[in-house]
Amino acid sequence: MQRNKTTNFVDNADFIDDVTLTQNERNAALRILRVLRYYRQYHLTRPIFKMMRQQKYLVLELVETEKNYVQRLEICVNCFLRPLQALSEGGQIKVTKQQLKDIFINIEQIINFHRILADELEDAAQNWTVHS
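When we follow the UniProt record's numbering, the leftmost residue of the sequence shown carries the number 1, and every step to the right adds one.
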């Protein structure tokens with residue numbers, strides 16, 4: 001209840017006109033009210049800004065994780081799948097194309113999907129606002 005009275009007091013500067021004050025006293029009272037309003041607004045919005053920073057951090061972390069995932073998938077293709085395919089075609093190993101296909105099932109499509117996802121996440125992160 002006390003907070004309510006203080007809130008009303010700070011929001012309503014009309015009471016200053018009801019009291020006989022010198023101009024300097026009136027200006028000082030108005031300055032004090034402005035400081036009180038700012039202080040109250042700051043403490044009301046502070047948790048919101050903290051939450052916004054956390055959301056931005058999470059979005060950036062998601063973008064970074066997705067990019068790392070794409071890089072690791074590309075390593076699988078470039079360091080394992082393609083060399084194994086070349087060895088298989090040259091008859092140097094006894095693994096068929098079908099066996100390689102079964103092992104690395106849909107990896108190219110998965111990489112393409114995650115590249116697009118990473119790009120879209122990065123665009124969203126760069127244009128991030130509270131209302132995104």
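Every residue gets a Cβ at the ideal spot worked out from N, C-alpha and C, and that includes glycine.
These figures come from a predicted structure and were not determined experimentally.
Taking the beta carbon of residue 121 as the centre, do at least 16 other beta carbons fall within 10 Å, making it buried, or is it exposed? Indexing the sequence shown from 1 puts residue 121 at position 121. Classification of residue 121: buried, given that the 10 Å Cβ count is 16 or more.
When we look at the beta-carbon of residue 127 and count the other beta-carbons within 10 Å, is it buried (16 or more) or exposed? Along the sequence shown, one-based indexing puts residue 127 at 127. Exposed: under 16 other Cβ atoms inside 10 Å.
Rounded to the nearest angstrom, how far is the Cβ of residue 79 from that of residue 107, given a contact under 8 Å? Here residue 79 refers to the residue found at position 79 of the sequence shown. Here residue 107 refers to the residue found at position 107 of the sequence shown. Contact flag wrong, Cβ pair sits at about 12 Å.
Can you tell me whether residue 45 is helix, strand or coil according to DSSP? Stepping through the sequence shown from its first residue, residue 45 is reached at position 45. Helix, per DSSP.
Cα-Cα separation, residue 36 to residue 22: For this step, residue 36 is matched to residue 36 along the sequence shown. For this step, residue 22 is matched to residue 22 along the sequence shown. About 21 Å.
In whole angstroms, what is the alpha-carbon distance linking residue 90 and residue 97? Reading the sequence shown from its first residue, position 90 is the one you call residue 90. Reading the sequence shown from its first residue, position 97 is the one you call residue 97. A straight line joining the alpha-carbon of residue 90 with that of residue 97 spans about 11 Å.
Alpha carbon of residue 3 to alpha carbon of residue 124, nearest angstrom: Taking the sequence shown and counting its residues from 1, the one referred to as residue 3 is at position 3. Taking the sequence shown and counting its residues from 1, the one referred to as residue 124 is at position 124. Here residue 3 scores only 47 on pLDDT, less than 50, and its place in the model should not be relied on; the value that follows carries that caveat. Taking the straight line joining both Cα atoms gives about 41 Å.
Under the assumption that residue 111 contacts residue 73 (Cβ atoms under 8 Å), give the Cβ distance between them as a whole number of angstroms. Residue 111 sits at position 111 when you count from the first residue of the sequence shown. Residue 73 sits at position 73 when you count from the first residue of the sequence shown. Rounded to the nearest angstrom, the Cβ distance from residue 111 to residue 73 is 5 Å, consistent with a contact under 8 Å.
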